[in-house]
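In the numbering used here, the protein residues as written are 736 to 1235. Glycine is no exception: its CB is placed at the ideal position from the N, C-alpha and C atoms. In this text the structure is predicted, and so the values were computed from the model without any measurement.
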Amino acid sequence: MGRKRTLTLFVVLLLMILSATVSWIAGSSIQSPEEAAARTAPPEPSPILVPVEERVLSADVVTRGTARYGLPQTLNLVPSALKRDVGVLTSLPQRNAQIAEGDVLLTASGRPLFVLQGESPAYRDIVPGATGEDVYQLEHALKRMGFNPGLIDGKYDETAGEAVRRWYEAAGWQPFGATPDQLANIRALERELATAQNDSQAAAEAVSTAAAAVGAAVAEMEANVSAAAATVKELQVIRDALWSDWAPDQDRAVADKNLEAAKIAESSARTTGQAAVRTAQDAHTAAKRQAQTSADWIVQLTEELEKARIDAGIKVPLDEIVFLPALPVRIERLDVTVGDAASGPILVVTNNQLVLDSSLPLEEAPLVKPGMPVAIDEPDLGIRATGVVSRVAATPGTDGVDGFHIYFETVVEEAPSSLEGFSLRLTIPVQTTGGTVLVVPVSALSLSADGTSQVQVDRGGNLEFLQVEPGLSADGYVAVTPVDGTLEPGQQVVIGFEQP
């Protein structure tokens, strides 16, 4: 009886629990219209906020360029007229070698080729007495290297030659002096001058002898004429005496005949004497003329010998000097090998300035101007450098680019030398704010009903619209200036909303 009662109580309790559970479930599923509307409405969107920033904005042109060294130029070696044969290259520089002023670029047949700075190329042998721009450049170079050439006037004189001698010897080379032909000419002139001096001395002695001969001829003429005149005078007395007396006609005729003969003898003596004197005088004149000719010849030979000795002084052969506008330079390429003839194009040099060859599409080219800064980089290689646009071609299709692009050149300001030959990215800011300005993302900017620009600013949890004046836009940002109100870096602005 007790077991049956207990079972009955358990069943009743279970039914009560089931009934309560059903009632709770039924009650929880019953909603009011307000609750139903609230539960079915979309959630409240949340603003997406970003801070206002202060930065420099720039609009960029981006392209690529290949690095190389600038101002490539080919050096040509021209044989010197001072040397009988074309030399043979006996040593050459290594590629990438740095060549400064006064350095020996190479040697040909054991002679140096020096490098000096100068705008005008070497075009002739510089010899004593030469004048011109090349001499002027040489004098300046000598002074820069510490070898005083005297007055820098573009004239290659003995002082400049002495400076060249000191320069060559300081560099360990024998300066280029007299050629074999010049030495032979000097020796020939010296012998000829000695002969002329002997001839001149003989001519001077001949003048003295001729002068004495003139005196002797005059004395002899005077003596003969005087003797003949005395005879005439004596015979004249005799004749006059015969004519004053009553002398026979025969005696008078003889006296007249003797007097006439004496007079003829006197005239003949005078004529003969004068002829002898003239002959002696002519010989004297000829001797003096010969002496003057000998003296003039000595002067001429002396001048020629002096000039020959000057010409045989220190010279700078054409194939031992090269002028380059800017130094130092680097060896870019060798076009010859040791043993080749020292003539014609031999090598290519560049300066140490890296430049980038690049191009722009026709529509972007007008934006880029010489002098604009350039950011150079290659992220994969970790390269960063800066440069400046140095040249923009005037027409498309030049400098190896096609007709749809404009070539431009960039000078690299600071970069590792390993940039040579690399293709690098160039970024050119064609517009910039200049300094730092307030910027917000472009998505933060919106138009108000009246067409003005505005941003929505978070002020302590409240969103307020602020009218702004937009400026330069670049890289997803736009410069803004508050028109009514304030805007500070760090303040939050709305760029959109997100649904939770």
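- S935 is the residue among S935, R1068 and A1011 whose C-alpha sits nearest the C-alpha of K1023.
- Taking a C-beta distance under 7 Å as the contact criterion, L784 and D1193 qualify as a contact pair.
- Burial state of L1182 is exposed, judged by a 10 Å Cβ sphere holding fewer than 16 other Cβ atoms.
- Closest option to G1079, judged by alpha-carbon separation, among V823, E1038, T801 and K818: V823.
- As the crow flies, the alpha-carbon of A964 is around 10 Å from that of Q971.
- Here P1108 carries a strand assignment [DSSP, helix/strand/coil].
- According to DSSP, T1020 shares a beta bridge with no other residue.
- In this structure, the CA atom of E955 is about 39 Å from the CA atom of P983.
- Between the alpha carbons of Q852 and E874 lies a gap of roughly 11 Å.
- Contact between P1063 and A835 holds, since their C-beta atoms are separated by about 4 Å, short of 8 Å.
- If you draw a straight line from the Cα of L877 to the Cα of W908, it comes to about 16 Å.
- The DSSP-derived three-state label of Y903 is helix.
- E1098 and G896 have their C-alpha atoms roughly 60 Å apart.
- DSSP places E1098 outside any alpha helix (DSSP H), giving it a letter other than H or E.
- Assignment of D1115 by DSSP, reduced to helix, strand and coil, places it in the helix class.
- Counting the other CB atoms within 10 Å of its CB gives S1029 a total of 16 or more, which places it among the buried residues.
- Taking a 10 Å sphere around the C-beta of F1139, we find fewer than 16 other C-beta atoms and assign the residue as exposed.
- The beta carbon of Y871 sits closer than 6 Å to those of G889, all from its chain and outside the five residues before and after it, given in chain order.
- As for any beta strand (DSSP E) of minimum length 3 sitting wholly inside the stretch 829-883, the runs are 839-843 and 846-852, ordered along the chain.
- Shown here, S1003 sits in a helix according to DSSP, grouped into three states.
- The stretch 1037-1050 makes contact with the stretch 911-930; the number of CB pairs closer than 8 Å reaches 3 or more.
- Each residue's CA atom was taken as its position, placing D795 and G805 some 25 Å apart.
- Per DSSP, the unbroken beta strand (DSSP E) holding I1230 starts and ends at Q1227 to E1233.
- Between the C-alpha atoms of A905 and R1160 there is a straight-line separation of about 48 Å.
- If only uninterrupted beta strand (DSSP E) runs of at least 3 residues are considered, those enclosed by the stretch 1124-1191 are 1140-1149, 1158-1167 and 1172-1176.
- Just measuring C-alpha positions, the residue of F849, G1211, G1231 and G1220 sitting nearest E788 is G1211.
- Pairing L1089 with V1147 gives a Cβ-Cβ distance under 7 Å.
- D984 carries a helical assignment under DSSP once its states are collapsed to helix, strand and coil.
- With respect to the 7 Å criterion, V949 and Q1009 are not classified as neighbours on the basis of their beta carbons.
- Within 10 angstroms of the beta-carbon of G864 lie fewer than 16 other beta-carbons, which makes it exposed.
- Annotated as proximal: T894 and G885, with beta-carbon spacing under 7 Å.
- In the DSSP assignment, G950 falls within the unbroken alpha helix (DSSP H) covering P915 to S979.
- Under the three-state reduction of DSSP, I887 is assigned to coil, being neither helix nor strand.
- Rounded to the nearest angstrom, the gap between the Cα atoms of A1120 and T1162 is 11 Å.
- Within its own chain, the residues whose Cβ lies closer than 7 Å to the Cβ of A938, once the five positions on either side in sequence are excluded, are A1022, Q1025, A1026 and S1029, listed in chain order.
- The three-state secondary structure of N1197, taken from DSSP, is strand.
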